[in-house]
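Structure record follows, encoded as structure tokens.
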Amino acid sequence: MIKRTAEGIILFRKPKRLEIRVLTDKIVNVFITDKEEKRKDTIAVEKKSYPSVNFEVKEENGKLFISTKSLDIEVDMETLFITFKDKKGNIINEDYKEVVIEDSEVKCYKRLREEHFYGFGEKAGYLDKKGEKLEMWNTDEFMTHNQTTKLLYESYPFFIGMNKTHVYGIFFDNSFRSFFNMGEESEEYYYFGAYGGQMNYYFIYGDDIKEVVENYTYITGRIELPPLWALGNQQSRYSYTPQERVIEIAKTFRKKDIPCDVIYLDIDYMEGYRVFTWNKETFKDYRKMLKELNDMGFKVVTIVDPGVKRDYDYFVYREGIEKDYFVKDKYGITYVGKVWPGEACFPDFLQERVRNWWAEKIGNFIRDGISGIWNDMNEPAVFETPTKTMPEDNIHVLDGERITHREAHNLYANYMALATKEGLLRERPNDRPFILSRAAFAGIQRYAAIWTGDNRSIYEHLLMMMPMLMNIGLSGQPFAGADVGGFEGDCNEELFIRWIEAAVFTPFLRVHSAIGTKDQEPWSFGKRAEDISRKFIKIRYELLPYIYDLFYEAYRKGYPIMRPLVFEYQKDENTHNIYDEFMLGENLLVAPVYLPSKERREVYLPEGIWYDYFNGDVYEGGKYYLVDAPIDKIPVFVKEGAILVKQKPLSYIEEEEIEEKIVEIYNGEKGKYLHYEDDGKTLNYKKGNYNLFNIEFDYHEGEVNIKFEKLHFGYKGGAKKYRFVLKNFNGVRRVIVNGREVENYEIYIS
Ligand code: MIG
Numbered sequence: 015m016i017k018r019t020a021e022g023i024i025l026f027r028k029p030k031r032l033e034i035r036v037l038t039d040k041i042v043n044v045f046i047t048d049k050e051e052k053r054k055d056t057i058a059v060e061k062k063s064y065p066s067v068n069f070e071v072k073e074e075n076g077k078l079f080i081s082t083k084s085l086d087i088e089v090d091m092e093t094l095f096i097t098f099k100d101k102k103g104n105i106i107n108e109d110y111k112e113v114v115i116e117d118s119e120v121k122c123y124k125r126l127r128e129e130h131f132y133g134f135g136e137k138a139g140y141l142d143k144k145g146e147k148l149e150m151w152n153t154d155e156f157m158t159h160n161q162t163t164k165l166l167y168e169s170y171p172f173f174i175g176m177n178k179t180h181v182y183g184i185f186f187d188n189s190f191r192s193f194f195n196m197g198e199e200s201e202e203y204y205y206f207g208a209y210g211g212q213m214n215y216y217f218i219y220g221d222d223i224k225e226v227v228e229n230y231t232y233i234t235g236r237i238e239l240p241p242l243w244a245l246g247n248q249q250s251r252y253s254y255t256p257q258e259r260v261i262e263i264a265k266t267f268r269k270k271d272i273p274c275d276v277i278y279l280d281i282d283y284m285e286g287y288r289v290f291t292w293n294k295e296t297f298k299d300y301r302k303m304l305k306e307l308n309d310m311g312f313k314v315v316t317i318v319d320p321g322v323k324r325d326y327d328y329f330v331y332r333e334g335i336e337k338d339y340f341v342k343d344k345y346g347i348t349y350v351g352k353v354w355p356g357e358a359c360f361p362d363f364l365q366e367r368v369r370n371w372w373a374e375k376i377g378n379f380i381r382d383g384i385s386g387i388w389n390d391m392n393e394p395a396v397f398e399t400p401t402k403t404m405p406e407d408n409i410h411v412l413d414g415e416r417i418t419h420r421e422a423h424n425l426y427a428n429y430m431a432l433a434t435k436e437g438l439l440r441e442r443p444n445d446r447p448f449i450l451s452r453a454a455f456a457g458i459q460r461y462a463a464i465w466t467g468d469n470r471s472i473y474e475h476l477l478m479m480m481p482m483l484m485n486i487g488l489s490g491q492p493f494a495g496a497d498v499g500g501f502e503g504d505c506n507e508e509l510f511i512r513w514i515e516a517a518v519f520t521p522f523l524r525v526h527s528a529i530g531t532k533d534q535e536p537w538s539f540g541k542r543a544e545d546i547s548r549k550f551i552k553i554r555y556e557l558l559p560y561i562y563d564l565f566y567e568a569y570r571k572g573y574p575i576m577r578p579l580v581f582e583y584q585k586d587e588n589t590h591n592i593y594d595e596f597m598l599g600e601n602l603l604v605a606p607v608y609l610p611s612k613e614r615r616e617v618y619l620p621e622g623i624w625y626d627y628f629n630g631d632v633y634e635g636g637k638y639y640l641v642d643a644p645i646d647k648i649p650v651f652v653k654e655g656a657i658l659v660k661q662k663p664l665s666y667i668e669e670e671e672i673e674e675k676i677v678e679i680y681n682g683e684k685g686k687y688l689h690y691e692d693d694g695k696t697l698n699y700k701k702g703n704y705n706l707f708n709i710e711f712d713y714h715e716g717e718v719n720i721k722f723e724k725l726h727f728g729y730k731g732g733a734k735k736y737r738f739v740l741k742n743f744n745g746v747r748r749v750i751v752n753g754r755e756v757e758n759y760e761i762y763i764s
């Protein structure tokens with residue numbers, strides 16, 4: 015029996031029921047069950063309803079056909095096999111075996127079609143996951159991560175399948191421990207599934223990888239614009255203490271003229287690791303410290319863990335017990351697990367009333383001058399247990415329904431981040447909230463930036479940072495970074511230099527290191543490392559407008575900021591598993607040195623002409639080069655026709671209003687670029703208080719023709735002057751800006 019619904023169809027084939035919803039021409043939701051249950055969307059799914067889409071339904075020879083403008087979907091009414099075809103009749107993706115639906119396992123098989131697989135969020139290993147076996151279960155893995163490490167802190171049950179003819183994504187919206195076998199078991203099929211929950215997935219088609227990511231983030235949401243300071247250089251360690259040490263670090267940045275915007279306070283600022291308290295001895299005058307830091311232009315981000323110390327004299331615990339805010343064990347008794355404060359209880363952030371309580375705590379706590387919150391241990395991690403977390407049969411309450419930790423585990427961090435975001439907004443309703451989270455589930459980008467957890471000061475982890483951040487970016491989370499210099503272990507001079515050279519081109523830039531390790535400030539390794547760090551951090555600050563434009567693009571379209579070459583050059587097979595080069599937007603290609611004692615490295619440049627960012631050397635793409643990279647150089651290339659917007663490097667982002675921006679135009683036939691600008695801190699951009707400029711040029715017969723137009727002008731406090739700089743052009747006779755020949759290539763904004 016078939017029932018047509020507003021969004022699609024429901025097909026009954028006892029005992030199974032298949033629901034297909036057409037959400038857009040290219041996005042289809044598939045839900046199969048054998049129970050009288052409704053489809054459950056997790057917090058990953060942002061949209062609750064979709065504008066209606068035209069589609070046709072037809073039944074013929076035991077098959078059901080659904081067609082949209084871009085897809086033909088065929089369902090075999092006997093087996094419920096689904097085939098997705100393009101409009102030319104070519105198969106994009108098809109089921110291989112019947113879907114398995116059991117209480118303890120759901121599983122969906124798809125035929126392998128020579129795909130490369132990307133996405134899967136925070137995973138060890140290289141870029142392409144073809145032939146691999148993966149799982150999703152947020153885990154505090156403190157052993158050194160290596161290629162065989164299966165579980166890390168975050169879970170994104172999303173992947174992209176790409177072959178010569180098609181590209182699509184599958185988002186499996188199931189929060190239970192999930193698994194993905196991408197051709198490890200068979201050459202004919204792959205499968206994905208979970209140990210519980212529903213078979214509820216989204217098939218996401220696109221003309222290219224870009225469109226697949228855009229469509230995936232149409233479902234799971236996109237970042238909001240972060241405060242600009244969060245794009246600056248950030249310094250952390252476990253832990254800066256006492257407060258005098260924090261001030262000393264801050265002053266040293268200013269004294270040494272190394273740009274820095276943020277200082278992090280790790281767990282030792284607290285009194286006995288009690289959240290929302292300050293250590294009475296080491297942070298006696300924390301208000302004064304916060305003020306001093308703020309006066310010096312530093313933002314302060316404090317760590318807040320979920321575990322609340324079990325201590326009747328401690329207000330947070332008392333309130334939590336009195337109001338019944340904590341996660342329960344299977345008998346309904348408040349669960350106690352060991353974390354930093356010793357025995358602790360865990361707020362059940364899945365409940366709205368608990369989030370409200372937490373939000374109030376956060377709001378009060380930041381009042382004295384804290385700008386952002388760092389969520390750690392939110393897998394949630396629990397010490398002295400074989401599973402590293404709480405029992406799977408613990409009980410949470412979600413939307414009035416009791417669910418087990420098995421289902422809640424991977425969602426815990428997103429709900430905690432949501433509560434934290436509400437807290438920040440409660441205290442400062444018009445400021446952009448900043449949260450840094452270790453654990454995550456798909457959709458985390460709507461609430462928090464992430465970092466990749468406890469890496470180690472080894473070259474392998476400098477390398478691993480690249481594919482990991484790129485796959486996280488392809489999984490809808492563009493705002494991500496790794497601990498620069500490595501967390502565990504002692505960093506050394508050369509490794510630190512190589513790491514910072516690469517990291518300044520990643521979306522989130524923060525140095526962090528573990529307790530007991532060697533100092534890891536930019537000046538801790540001698541003058542050479544200090545000078546090189548300064549130089550590269552300043553390069554990032556110069557590129558700030560360009561980087562911010564990428565955040566704007568991520569906000570609008572969900573594109574990764576740091577992206578693999580395949581994202582831009584999908585047709586070029588050489589790019590399909592390049593994991594040791596990356597792009598910052600579409601214009602910059604970065605090829606870090608990630609091995610010791612190397613003064614040169616192999617670089618692949620895709621089609622087109624490329625210019626060395628530092629000295630303008632010209633390279634013809636489509637080839638491999640051996641590029642010189644002495645210790646103070648990282649190979650970075652600019653694409654022909656690129657437009658880069660820059661500004662002078664400040665020592666912190668809010669140091670002064672930027673009066674002048676520099677528009678660098680790189681030789682090429684033509685180029686086009688969107689430049690975005692707003693106040694960088696408030697939510698006023700959502701009310702139209704921003705500027706959007708279209709910058710374009712073409713070049714022929716010695717004539718550079720530049721067009722600079724206001725697409726939107728709603729923010730008066732932006733740069734007053736744009737200065738154009740031509741890079742790598744030869745034989746220019748005339749430069750025309752907005753129809754007028756000019757000598758000094760400038761534009762004044764009014
Ligand atoms: O069990 O707060 O990943 O960044 O410095 C270790 C102390 C707890 C783990 C985090 C790390 C942080 C550390 N935390």
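In the working numbering, the protein residues as written are 15 to 764. We treat Cβ as the ideally placed atom computed from N, Cα and C, and that holds for glycine. Predicted model, so just to flag it, every value in this text is computed and none were measured.
So, under 8 Å CB-CB, residue i and residue j are touching, yes? Tell me the CB distance rounded to an integer number of Å.
i: aspartate 382; j: arginine 301; result: 5 Å
i: isoleucine 233; j: arginine 548; result: Contact doesn't hold; Cβ gap of about 42 Å is too wide.
i: glycine 716; j: lysine 684; result: Wrong, their Cβ atoms sit about 15 Å apart, outside the cutoff.
i: tyrosine 633; j: asparagine 742; result: In fact, because the Cβ distance is near 11 Å, the residues do not count as touching under 8 Å.
i: serine 84; j: lysine 61; result: No, serine 84 and lysine 61 are not in contact; Cβ-Cβ is about 19 Å, not under 8 Å.
From residue i to residue j, what does the alpha carbon distance come to, in whole angstroms?
i: isoleucine 184; j: phenylalanine 360; result: 33 Å
i: threonine 158; j: arginine 470; result: 7 Å
i: isoleucine 529; j: serine 253; result: 6 Å
i: glutamate 691; j: tyrosine 729; result: 8 Å
i: isoleucine 380; j: aspartate 413; result: 29 Å
i: glutamate 88; j: alanine 733; result: 54 Å
i: leucine 609; j: alanine 454; result: 30 Å
i: aspartate 90; j: asparagine 107; result: 14 Å
i: serine 250; j: glutamate 474; result: 22 Å
i: glycine 467; j: glycine 495; result: 9 Å
i: aspartate 222; j: tyrosine 283; result: 48 Å
i: arginine 236; j: threonine 56; result: 16 Å
i: glutamate 755; j: valine 749; result: 6 Å
i: isoleucine 218; j: aspartate 142; result: 19 Å
i: glycine 572; j: proline 521; result: 14 Å
i: lysine 352; j: aspartate 154; result: 14 Å
i: phenylalanine 565; j: leucine 239; result: 7 Å
i: threonine 162; j: methionine 478; result: 12 Å
i: glycine 246; j: isoleucine 676; result: 19 Å
i: phenylalanine 26; j: isoleucine 46; result: 10 Å
Taking the Cβ atom as the reference point for each residue, do residue i and residue j lie within a distance shorter than 8 Å?
i: threonine 291; j: threonine 255; result: no
i: valine 276; j: valine 315; result: yes
i: serine 489; j: cysteine 505; result: no
i: proline 606; j: arginine 512; result: yes
i: leucine 307; j: isoleucine 376; result: no
i: lysine 695; j: aspartate 445; result: yes
i: tyrosine 627; j: valine 652; result: yes
i: tyrosine 205; j: cysteine 122; result: yes
i: isoleucine 645; j: glutamate 508; result: yes
i: lysine 144; j: glutamate 129; result: yes
Quick one: what does DSSP say residue i is sitting in, helix, strand or coil?
i: threonine 434; result: helix
i: alanine 543; result: helix
i: leucine 25; result: strand
i: aspartate 390; result: coil
i: alanine 463; result: strand
i: glycine 207; result: strand
i: lysine 3; result: Because the chain in this structure spans residues 15 to 764, residue 3 falls outside the shown range and cannot be described.
i: aspartate 631; result: coil
i: aspartate 222; result: coil
i: tyrosine 170; result: coil
Just checking: is the beta-carbon of residue i within a distance shorter than 8 Å of some beta-carbon in chain B?
i: alanine 517; result: Absent here is chain B; the protein component of the structure consists of one chain.
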